[in-house]
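When you read off a place in the sequence shown, starting at 1, and then add 2, the result is the number in our numbering. Every residue gets a Cβ at the ideal spot worked out from N, C-alpha and C, and that includes glycine. Only a predicted model underlies this, so the values are computations on that prediction, with no experimental measurement involved. Worksheet for the structure shown next.
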Amino acid sequence: MDYPPIPGTSQIPQSMIAPLPLDDTLPAALTSPNPPSVGSKSIFAFWHSGIFALPPSLLHNVLAWYRRYSPLGWNIYVFDRVEGSPLNVSRYIDTTSPSIVPAAFTNSQLDGSFVGQHTSDLVRFPLLLKYGGVYLDVGILQFGDLNWLWEQVVCNPESPYDFAGFRMGALPAVSVTSP
């Protein structure tokens, strides 16, 4: 099915899209990536039960991020709370410290229907403080050019901004920036 183009967007050339394995396995860069480094092009996300447990629509989003951004030098990390997982968030931030995450997290007292979302909210800021990068919820459909935003705004010494964010809302308060 051919969909009409979204105004203000352009199609990415196939030569700039990372291929996916033909055997339905996930790319190793997603399942056991190199550790993030400070200031690197890193996209962080969280799914409490791990990347292999993502519902198909959310896995599709993560794979789209990988295909679009890994050829440009980005690493994608879908952190989890799975014991023994190479992407267990406790391998990347000190989840035993109440100065890093709230006691409800360190004491495993989060519960209810939205524990996954709450956990994501609690690890987001510590990850960004430690490594920099970008944090996306796994449900984000990436239409804009994140690489351009990173290179021309966030990491550009000529830019008055070193932080960019987005929230849903009516104009003029659609975006959040910090000069």
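- Scanning the stretch 46 to 84 for uninterrupted beta strand (DSSP E) segments of 3 residues or longer gives 77 to 81, listed from N- to C-terminal end.
- The straight-line gap separating the alpha-carbon atoms of residue 46 and residue 107 is approximately 19 Å.
- Residue 83 and residue 121 have their C-alpha atoms roughly 9 Å apart.
- Residue pairing by DSSP places residue 90 opposite 82 in a beta bridge.
- Rounded to the nearest whole angstrom, the CA to CA distance from residue 114 to residue 95 is 24 Å.
- Contact fails between the stretch 3 to 14 and the stretch 123 to 131, because fewer than three Cβ pairs, one in each stretch, are under 8 Å apart.
- The Cβ atoms of residue 29 and residue 68 lie closer than 8 Å to each other.
- The beta-carbon separation of residue 44 and residue 135, rounded to 3 Å, stays under the 8 Å limit for a contact.
- Here DSSP, grouped into helix, strand and coil, assigns residue 122 to helix.
- The C-alpha of residue 162 is placed about 42 Å away from the C-alpha of residue 27.
- Under DSSP, no beta-bridge partner is assigned to residue 17.
- Each of 4, 152 and 48 was checked against the Cα of residue 42, and the nearest Cα belongs to 152.
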